[in-house]
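Just below is one structure, and these are the notes that go with it.
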Amino acid sequence: MNGKVFVDTNILLYARDGGQPTKQPVAHAWMASLWRSRQGRLSFQVLQEFYVNATQKLKPDFPTELARQDVRSLLAWRPIKTDAALIEAAWKLADHYGFSWWDAQIVAAAQRANCQILLTEDMQDRMEVGNLNLINPFAAGAPEPQ
């Protein structure tokens, strides 16, 4: 895999969600590939969303300590912090592209991390935002992790 890949919260959750038998193996394959290549990136926003959703919504119940271990491990991906400049960039993206506030922050963080790909199922598949390509890994024809 060439270039850095930013991972949205839902991909992290699907990799751990036994209740999603079609999406879990795809998400897990992407995560394994990103760990091997060391090209995975995310933000503190993504880590926070993952922790809350993993501990409150995953079925069967996902152990709190396992969610904490995942967050601790993902700190190796050098999470992007939300600061004043990222907020300004997110507002511009929301205004220009019509993204929700939360999605605009994800895109702004992916751009700050100099990622070429943003893995998400929440935004338009194959959309280009500057040099960033939004990819739904579950869509037909989505690239395979390497």
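Taking the working numbering, the leading residue of the sequence shown gets 1027, the next gets one more, and so forth. We put the CB at the ideal spot given by N, CA and C, even for glycine. Computed from a prediction, not measured in an experiment: that's the story for all the values here.
For Phe1070, the enclosing alpha helix (DSSP H) stretches over residues Phe1070 to Gln1082.
Under the 8 Å Cβ criterion, the segment 1046-1064 does not count as touching the segment 1085-1097, having fewer than three qualifying pairs. Under the three-state reduction of DSSP, Glu1147 is assigned to coil, being neither helix nor strand.
Collapsing the DSSP output to three states places Asn1036 in a helix. Per DSSP, Asn1140 has no beta-bridge partner at all.
Boundaries of the alpha helix (DSSP H) harbouring Ile1113: Ala1110 to Tyr1123, taken from the DSSP string. When Cβ pairs closer than 8 Å are counted between the two stretches, the segment 1067-1081 is seen to touch the segment 1094-1106, the count reaching three or more.
Only residues of its own chain outside the window of five on either side were considered, and among them Ala1134 have a CB closer than 6 Å to the CB of Ala1115, listed in chain order.
The DSSP-derived three-state label of Glu1170 is coil.
For Gln1046 and Asp1148, the gap between their C-alpha atoms comes out near 16 Å.
For Leu1158, no alpha helix (DSSP H) run applies; the uninterrupted beta strand (DSSP E) run containing it begins and ends at Leu1158 to Ile1161, by DSSP. Counted as a single uninterrupted DSSP element, the alpha helix (DSSP H) harbouring Arg1094 occupies residues Thr1090 to Leu1100.
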